[in-house]
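Residue numbers (this note's numbering), protein chains in the order written: chain A, 53 to 457; chain E, 4 to 219.
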């Protein structure tokens, strides 16, 4: 009786479980779909009619956009075009500091007598924590046809409801375009051509330095009216940080290469081409560029300096820059005003901003780091940006006024 | 012992009289979530029908072997196995449908229709009847989902089975609120029609009885 009541039910359940597990184990082998099959299925949807070669693992990183982990080559036999499928991973600029991995199809096409590279298709392979990715899926006509010769701008119509995921997708598209242009040498590469033209005018260590491209998105203040900042390059020469700027002035390329330094006395223009105007020089010399905030202008009267600083966007909930006006008197912050906010939905509350700003008043270089202790709750990312802006202004003041208080 | 249901009874119960979606209001989760397009409704219905038929057959075969105390865990294991099988089959051979069904596919395991039929029918009836019950319940489920999918796709996307019909669309029908609204409308229409048919049938029976009485 005990066997029938207690043992038999368990035995039957166990036997059913074992048989089911066995059946599933066999079927798992029979029905297994390999990564190669998944890849060719994805390609047949977004770029049909092409047979791809084996996938090649690569490791390419761009600090501004992200990284490329694999590339698969093919030739569109019908059109004779060279095609690359690039697996691109964005930096962590997505929602909740997550990222997006894309398959980006780049192809070379003949246009106006020259070969250009363009985005032919893309699809989402994977993502980390992008809960609104469903709003993007199926709408991957965005960026198709975009020329990879230059940075590909964010498509504003794809951001509604999934702004940060869209930003991550834009980063992944751009790193794929950068790889195709710089490494795979697809299409034209005006950035590399501009760098060569700039370096050809330099001498000594400045000519042999290793320049890397830097995004111009956060330094539009370097381009006065009537000019466009096409490219910016960065290099280290000895202990000096050097920036090379390539401008477009009425269709002609102009170059400015300068040593970036917090102290105005150390800042100098190393090279400028003939068409560089006084306004361009002034914009460069009144600027101090740093990783997290840029001083874009300084007005000094006696012991008081008024700075306009752009606190640069960072990963997290603040995808836009903050512009602030910082008045520093005798080495301490006398006033701190936010003139353009990076505030967006999911951003900090106004109350939190009102808590951070008063805490910075009176801070010096020595005390600014601790000024925001326990004042950042609910606005951590905003605090980081505003603190960077305050620190850059104070560092600039100290460098030009004989050291920290 | 209750009498063995006939083919006609099983078929009518599955598709109409006991329609799992429109009469019993079971399987609501995929009904609301997957009827934005006709093809996803059809795909979900077919997948659920496969699991229904297979699990009904196996449970019916084992009905005298499975002890009453562990019947529910046994049913779940069997249903989960067939759900995994259908998932593998779709991924291997119908990847488009697999992508469309997404997370709803593994959720077939907890579909009330399947466990409900295992418990109320397959565990008490012979294999043939159980297989037919699975088939017709599945057909009823598929029919309801596909019809809802057609209505929502036509109104919400101006297309049918992915083929564009016109540019006009009412986006409300493609959204979750539209799913509830359409589901409510379907249940209302289905109930109205079945009540009318029932009333007509009762009236006919009464007339026949009255005529018989008068004749006697």
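Glycine included, C-beta positions come from ideal geometry on N, C-alpha and C.
C-beta neighbour in chain E for residue i, strict 9 Å
i: residue 61 of chain A; result: yes
i: residue 75 of chain A; result: yes
i: residue 83 of chain A; result: yes
i: residue 57 of chain A; result: yes
i: residue 179 of chain A; result: no
i: residue 456 of chain A; result: Reliability fails at residue 456 of chain A, whose pLDDT of 47 lies under 50, so the model's placement of it is uncertain and the value that follows must be treated cautiously. Chain E, which has no Cβ nearer than 9 Å to the Cβ of residue 456 of chain A, makes this no.
i: residue 64 of chain A; result: yes
i: residue 68 of chain A; result: yes
i: residue 154 of chain A; result: no
i: residue 80 of chain A; result: yes
i: residue 233 of chain A; result: no
i: residue 93 of chain A; result: yes
Whole-Å CB distance - residue i paired with residue j, under 8 Å assumed
i: residue 341 of chain A; j: residue 295 of chain A; result: 7 Å
i: residue 96 of chain E; j: residue 54 of chain E; result: In fact, because the Cβ distance is near 16 Å, the residues do not count as touching under 8 Å.
i: residue 158 of chain A; j: residue 171 of chain A; result: 6 Å
i: residue 38 of chain E; j: residue 30 of chain E; result: With 8 Å as the limit, residue 38 of chain E and residue 30 of chain E do not qualify as a contact, their Cβ atoms being about 11 Å apart.
i: residue 300 of chain A; j: residue 282 of chain A; result: 5 Å
i: residue 156 of chain E; j: residue 40 of chain E; result: 5 Å
i: residue 264 of chain A; j: residue 145 of chain A; result: About 19 Å; that fails the 8 Å criterion.
i: residue 111 of chain E; j: residue 50 of chain E; result: 6 Å
i: residue 358 of chain A; j: residue 330 of chain A; result: About 22 Å; that fails the 8 Å criterion.
i: residue 319 of chain A; j: residue 311 of chain A; result: 6 Å
i: residue 130 of chain E; j: residue 63 of chain E; result: 5 Å
i: residue 412 of chain A; j: residue 451 of chain A; result: No, residue 412 of chain A and residue 451 of chain A are not in contact; Cβ-Cβ is about 19 Å, not under 8 Å.
i: residue 142 of chain A; j: residue 155 of chain A; result: That belief does not hold up - the Cβ atoms of residue 142 of chain A and residue 155 of chain A are roughly 13 Å apart, past 8 Å.
i: residue 172 of chain E; j: residue 161 of chain E; result: 4 Å
Among the options, nearest to residue i - alpha-carbon criterion
i: residue 12 of chain E; options: E:205, E:159, E:138; result: E:138
i: residue 251 of chain A; options: A:232, A:313, A:324, A:225; result: A:324
i: residue 59 of chain A; options: E:17, E:33, E:71; result: E:71
i: residue 463 of chain A; options: E:41, E:28, E:33, E:83; result: What is shown of chain A runs 53 to 457, which leaves residue 463 of chain A out entirely.
i: residue 140 of chain A; options: A:347, A:167, A:110, A:357; result: A:110
i: residue 149 of chain A; options: A:215, A:288, A:422; result: A:215
i: residue 226 of chain A; options: A:246, A:313, A:169, A:306; result: A:169
i: residue 126 of chain A; options: A:143, A:272, A:82, A:99; result: A:99
i: residue 414 of chain A; options: A:392, A:387, A:437; result: A:387
i: residue 77 of chain A; options: E:88, E:188, E:185, E:175; result: E:88
i: residue 106 of chain E; options: E:187, E:204, E:36, E:181; result: E:36
i: residue 246 of chain A; options: A:163, A:307, A:279, A:450; result: A:307
i: residue 267 of chain A; options: A:123, A:112, A:223, A:332; result: A:223
i: residue 242 of chain A; options: A:217, A:381, A:201, A:257; result: A:201
is_contact[residue i, chain A] using C-beta, thresh 9 Å
i: residue 94 of chain E; result: yes
i: residue 2 of chain E; result: Here chain E has residues from 4 to 219 only, and residue 2 of chain E is not among them.
i: residue 72 of chain E; result: yes
i: residue 77 of chain E; result: yes
i: residue 4 of chain E; result: Legend: pLDDT at residue 4 of chain E = 47, less than 50; position of this residue unreliable, no value from coordinates given.
i: residue 98 of chain E; result: yes
i: residue 69 of chain E; result: yes
i: residue 83 of chain E; result: yes
i: residue 161 of chain E; result: no
i: residue 113 of chain E; result: no
i: residue 87 of chain E; result: yes
i: residue 80 of chain E; result: yes
i: residue 108 of chain E; result: no
i: residue 152 of chain E; result: no
i: residue 65 of chain E; result: yes
i: residue 91 of chain E; result: yes
According to DSSP, residues forming a beta bridge with residue i
i: residue 374 of chain A; result: A:363
i: residue 296 of chain A; result: A:285, A:309
i: residue 384 of chain A; result: A:381
i: residue 178 of chain A; result: A:153
i: residue 301 of chain A; result: A:279, A:304
i: residue 345 of chain A; result: A:363
i: residue 89 of chain E; result: Looking at the DSSP assignment, residue 89 of chain E forms no beta bridge with any residue, so it has no partner.
i: residue 323 of chain A; result: A:309
i: residue 267 of chain A; result: Residue 267 of chain A is not bridged to any residue.
Residue i Cβ short of 8 Å to the ligand PLP heavy atom set
i: residue 40 of chain E; result: Of ligands this structure carries none, so the ligand PLP is not represented either.
Inside the segment 90-170 of chain A only - alpha helix (DSSP H) runs reaching at least 4 residues: none
Can you list the alpha helix (DSSP H) stretches of 4 or more residues lying completely in the segment 202-243 of chain A, in chain order? 215-234
Members of the segment 296-307 of chain A that neighbour chain C once the beta carbon cut-off is set at 7 Å: In the structure shown, chain C does not exist; the protein chains are A and E.
Within the segment 111-168 of chain E, ranges of the alpha helix (DSSP H) (whole runs, at least 4 residues): 115-120, 130-160
Could you tell me which whole beta strand (DSSP E) segments of length 3 or greater appear in the segment 415-446 of chain A? none
Return the chain-ordered ranges of every alpha helix (DSSP H) run that is complete within the segment 16-71 of chain E and spans a minimum of 4 residues. 31-36, 41-64
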